[in-house]
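Report on one structure; see the data block that follows.
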Amino acid sequence: MIEVYELTKRFGSTAAVDGLTFTVPSGRVTGFLGPNGAGKSTTMRMILGLDAPTSGAALIDGRPYADLRRPLHKVGALLDANAVHGGRTARDHLLAIAQSNGIGPGRVREVLDQVGLADVARRRIRGFSLGMKQRLGVAVALLGDPEILIFDEPVNGLDPEGIRWIRGLLRSVAAEGRTVFVSSHLMSEMALTADHLIVIGRGRLIANTSMAAFVRMSSRRYVLVRSPRAAELADLLTADGAAVEEDDEPGPEALAVTGLDGGRIGDLAAAHHIPIHELTPRHASLEEAFMELTDSSVDFRAESRAKLHTAESAHYEGALS
Amino acid sequence: MTLNATLAVPRALLSSEWTKLRSVRSTYWTLAVAAFATVATAILVCYSVTGYWIRLDPSQQATFDPVRASFNGFAVGQLAIGALGVLIISSEHTTGLIRTTFAAVPHRRAVLAAKAAVLGVLAIVVGEAIAFASFFAGQWVLRPTHVELGLGDPGVLGAVSAAGLYMLVVALVGLGIGALIRHTAGALSALFALLFLLPEIVHALPSPWDTRIGSYMMMDAGAQMTSLRPDPGLLSPTWSAVVLVGYAVVALAAAAWLITRRDA
Numbered sequence: 001m002i003e004v005y006e007l008t009k010r011f012g013s014t015a016a017v018d019g020l021t022f023t024v025p026s027g028r029v030t031g032f033l034g035p036n037g038a039g040k041s042t043t044m045r046m047i048l049g050l051d052a053p054t055s056g057a058a059l060i061d062g063r064p065y066a067d068l069r070r071p072l073h074k075v076g077a078l079l080d081a082n083a084v085h086g087g088r089t090a091r092d093h094l095l096a097i098a099q100s101n102g103i104g105p106g107r108v109r110e111v112l113d114q115v116g117l118a119d120v121a122r123r124r125i126r127g128f129s130l131g132m133k134q135r136l137g138v139a140v141a142l143l144g145d146p147e148i149l150i151f152d153e154p155v156n157g158l159d160p161e162g163i164r165w166i167r168g169l170l171r172s173v174a175a176e177g178r179t180v181f182v183s184s185h186l187m188s189e190m191a192l193t194a195d196h197l198i199v200i201g202r203g204r205l206i207a208n209t210s211m212a213a214f215v216r217m218s219s220r221r222y223v224l225v226r227s228p229r230a231a232e233l234a235d236l237l238t239a240d241g242a243a244v245e246e247d248d249e250p251g252p253e254a255l256a257v258t259g260l261d262g263g264r265i266g267d268l269a270a271a272h273h274i275p276i277h278e279l280t281p282r283h284a285s286l287e288e289a290f291m292e293l294t295d296s297s298v299d300f301r302a303e304s305r306a307k308l309h310t311a312e313s314a315h316y317e318g319a320l321s
Numbered sequence: 001m002t003l004n005a006t007l008a009v010p011r012a013l014l015s016s017e018w019t020k021l022r023s024v025r026s027t028y029w030t031l032a033v034a035a036f037a038t039v040a041t042a043i044l045v046c047y048s049v050t051g052y053w054i055r056l057d058p059s060q061q062a063t064f065d066p067v068r069a070s071f072n073g074f075a076v077g078q079l080a081i082g083a084l085g086v087l088i089i090s091s092e093h094t095t096g097l098i099r100t101t102f103a104a105v106p107h108r109r110a111v112l113a114a115k116a117a118v119l120g121v122l123a124i125v126v127g128e129a130i131a132f133a134s135f136f137a138g139q140w141v142l143r144p145t146h147v148e149l150g151l152g153d154p155g156v157l158g159a160v161s162a163a164g165l166y167m168l169v170v171a172l173v174g175l176g177i178g179a180l181i182r183h184t185a186g187a188l189s190a191l192f193a194l195l196f197l198l199p200e201i202v203h204a205l206p207s208p209w210d211t212r213i214g215s216y217m218m219m220d221a222g223a224q225m226t227s228l229r230p231d232p233g234l235l236s237p238t239w240s241a242v243v244l245v246g247y248a249v250v251a252l253a254a255a256a257w258l259i260t261r262r263d264a
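In order, the protein sequences belong to chains A and B. For the record, in the first sequence the residue sitting at position 130 is 130 according to the working numbering, with numbers rising by one throughout. For the record, in the second sequence the residue sitting at position 177 is 177 according to the working numbering, with numbers rising by one throughout.
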């Protein structure tokens, strides 16, 4: 279990991570979602004891990461697949890291097999594609057979084959009952792999919820209606309690209707002899829902700053008078 | 963090750092360059001495130090050994590998200590080999002057061993600077400045400060330590050795102090 309490990291006057509190429960895949620059990597580095928090704490099973003896047996992490010495062979790279935690060369061979790099184990990493480096980074994370795995943007920059491989890997390690904490700036990626979601924007927690609840909460459902007499139909539907907007989809006049289901809309149109050319139930994509969520966090922050500013100047004026 | 915990370098870390050191080409390159440059320069300098030997005054011939003459290459070779020390840690910072290292071993001072130990053993072995090779090559070339010395002559073995020790000091200073500056190019520049530019400036000071401060410069201290006829006006060979060890201690202590205080 990973616990993060009031975690804050300031660089000068900007807070990269701002009072973040959440728990990554054991035995599940928890997605760590946020736009680029939201503070995901900084949070992960603090969890791993690489960056010191300005305030707050991050704990692994109740202890700071730095207190772990031979931490690779507890936590495996892949932060940046390119963070390797290109002149070293894949095997030597793994061996050096393994030895530091008392892990033998046999296990190095095993993880090389597991990630499909056994054939290139004695080649220098310099010649590896990003996909191969990603596999090598995963091999590093798996070395100590850890119960917690942390991956920072594991699909970034990968080709479709690499993406498929990472997804399969996340699912298989989760099926083994491991705790997986994986960051992404892509909601669609999370939707495929995560059970639980932690969403941050500008270093602050926006949502901490199960994937299913997030989908329920955020999917905007509506019915797309096309009709040559759209304006007339819109009045009718509004009178029946629906919210109607003009839909900006291409094609002939279209309406986005919420509050009524397709059947009711069809019945109403038929009763008034209005022809209907299309009637389609729609979901806003998770990606859109996520964008909406993080956008509003940005707005919220701007607003709260303005308020703070007003309060400060009021105070200042008060002092003057 | 107690001193004991800092000093207790687990075996696991040593083998890890040794694997890192032996598995990159730069290790072999820097050592090969150090050996070649040092010995080749020794041969060239000693050969040129044989060329002008008969034109020297008897007094100059009497004060000539044949052992010192065969160590002239250290001025060149030390840079390669120092570069090895820099690279052993700066390459991890430059590539980002240091994060993997520190995530695997959160006890960062133990990592630094293991690097220093592994580097130190390699540098002393190679440094002594270079020192003895330079000595034998230099004395062989100096044969026409008939002043060449053997290892059995008074003070010679000590001077040659001390020359090997100098390489160890430069390597450890390089490691300290690499850990402090964390960028390969910047750290190499700083090492160059410490070894060459700083002495230039100090030697340009008005007398007596040029030699008073100058004898604390690494190369001056090294020359004094490896000389059969140390300059009585400067630090004694023993104190020169202490000063040199001081450089390594200060560089590594500063690195150890800062290594836990900065984000990786």
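Built from N, CA and C at the ideal position, the CB exists for glycine as well.
| Item | Value |
| --- | --- |
| Identified DSSP bridge partners for Arg204 of chain A | A:Gly201 |
| Short Cβ contact (7 Å threshold) for Ala191 of chain A with Leu95 of chain A | no |
| Beta-ladder partner(s) of Thr226 of chain B, from DSSP | Beta-bridge pairing links Thr226 of chain B to no other residue. |
| Cβ pair count under 8 Å reaching 3, the segment 1–15 of chain A against the segment 57–75 of chain A | yes |
| Three-state secondary structure assigned by DSSP to Ser129 of chain A | coil |
| Chain B residues whose Cβ lies nearer than 7 Å to that of Ser100 of chain A | Ala12, Leu13, Ser16, Ala104 and Val105 |
| Under 8 Å from the C-beta of Arg88 of chain A: neighbouring residues of chain B | Lys20, Ser23 and Val24 |
| Thr19 of chain B - DSSP class collapsed to helix/strand/coil | helix |
| The segment 152–179 of chain A: positions lying closer than 8 Å to chain B by Cβ | none |
| Neighbour-count burial assignment, Pro275 of chain A, 16 or more Cβ in a 10 Å radius | exposed |
| Segments of 3+ residues assigned as beta strand (DSSP E) that fall wholly inside the segment 14–73 of chain A | 14–24, 29–33 and 55–60 |
| With 16 other Cβ atoms within 10 Å as the buried cut-off, status of Ala230 of chain A | buried |
| Same chain, Cβ closer than 8 Å to Glu161 of chain A, neighbours up to 5 away in sequence not counted | Gly131 |
| Where the segment 87–119 of chain B meets chain A: residues whose CB sits under 7 Å from a CB there | Ser91, Thr95, Gly96, Leu97, Arg99, Thr100, Phe102, Ala103, Ala104, Val105 and Pro106 |
| Any alpha helix (DSSP H) of 4 or more consecutive residues that is wholly inside the segment 156–239 of chain B | 156–181, 184–192, 198–203, 209–214 and 218–225 |
| Residue-level contact to chain B via CB, Asp299 of chain A, 7 Å cutoff | Here Asp299 of chain A scores only 44 on pLDDT, less than 50, and its place in the model should not be relied on; the value that follows carries that caveat. Chain B contact via Cβ: absent. |
| Closest by C-alpha distance to Met211 of chain A, when choosing among A:Gly201, A:Arg202, A:His196 and A:Val225 | A:His196 |
| Contact set between Tyr65 of chain A and chain B, taken where Cβ atoms lie within less than 9 Å | Ala103 and Pro106 |
| Which of helix, strand or coil DSSP assigns to Ile88 of chain B | helix |
| Cross-chain neighbours of Val84 of chain A in chain B, by beta carbon under 9 Å | Thr95, Gly96, Leu97 and Thr100 |
| Where the segment 36–63 of chain A meets chain B: residues whose CB sits under 8 Å from a CB there | Arg45, Leu48, Gly49, Leu50, Asp51 and Ala52 |
| Nearest-angstrom Cβ-Cβ length linking Met187 of chain A and Phe290 of chain A, presumed shorter than 8 Å | 4 Å |
| Beta-carbon neighbours of Ala96 of chain A, restricted to chain B and to distances below 8 Å | Ser16, Glu17, Thr19, Lys20 and Ser23 |
| Which residues DSSP lists as bridging Lys9 of chain A, in chain order | A:Val17 |
| Contact set for Phe128 of chain A: own chain, Cβ-Cβ below 8 Å, skip 5 residues either direction | Ala90, Val120 and Leu136 |
| N-terminal and C-terminal residue of the beta strand (DSSP E) that Ile150 of chain A is part of | Ile148 to Asp152 |
| For Val75 of chain A, the residue or residues it bridges with in DSSP | A:Ile148 |
| Whether Leu168 of chain B touches Ile124 of chain B by CB criterion (7 Å) | yes |
| Phe64 of chain B, DSSP secondary structure in three states | coil |
| Own chain, CB closer than 7 Å to Leu180 of chain B, minus 5 neighbours either side, in chain order | Ala254, Ala255 and Leu258 |
| Asp263 of chain B at chain C interface by Cβ criterion, 7 Å | Absence of chain C from the displayed structure is noted, the protein chains being A and B. |
| Residues that DSSP places opposite Thr258 of chain A in a beta bridge | A:Ala243 |
| Touching by the beta-carbon criterion (3+ pairs, under 8 Å), the segment 163–175 of chain A and the segment 3–18 of chain A | no |
| Glu3 of chain A - partner residues in DSSP beta bridges | A:Thr23 and A:Leu59 |
| Beta-carbon proximity list for Tyr216 of chain B, same chain, < 7 Å, skipping 5 on both sides | Val243 |
| Contact set for Ala34 of chain B: own chain, Cβ-Cβ below 6 Å, skip 5 residues either direction | Gly77, Ala80 and Ile81 |
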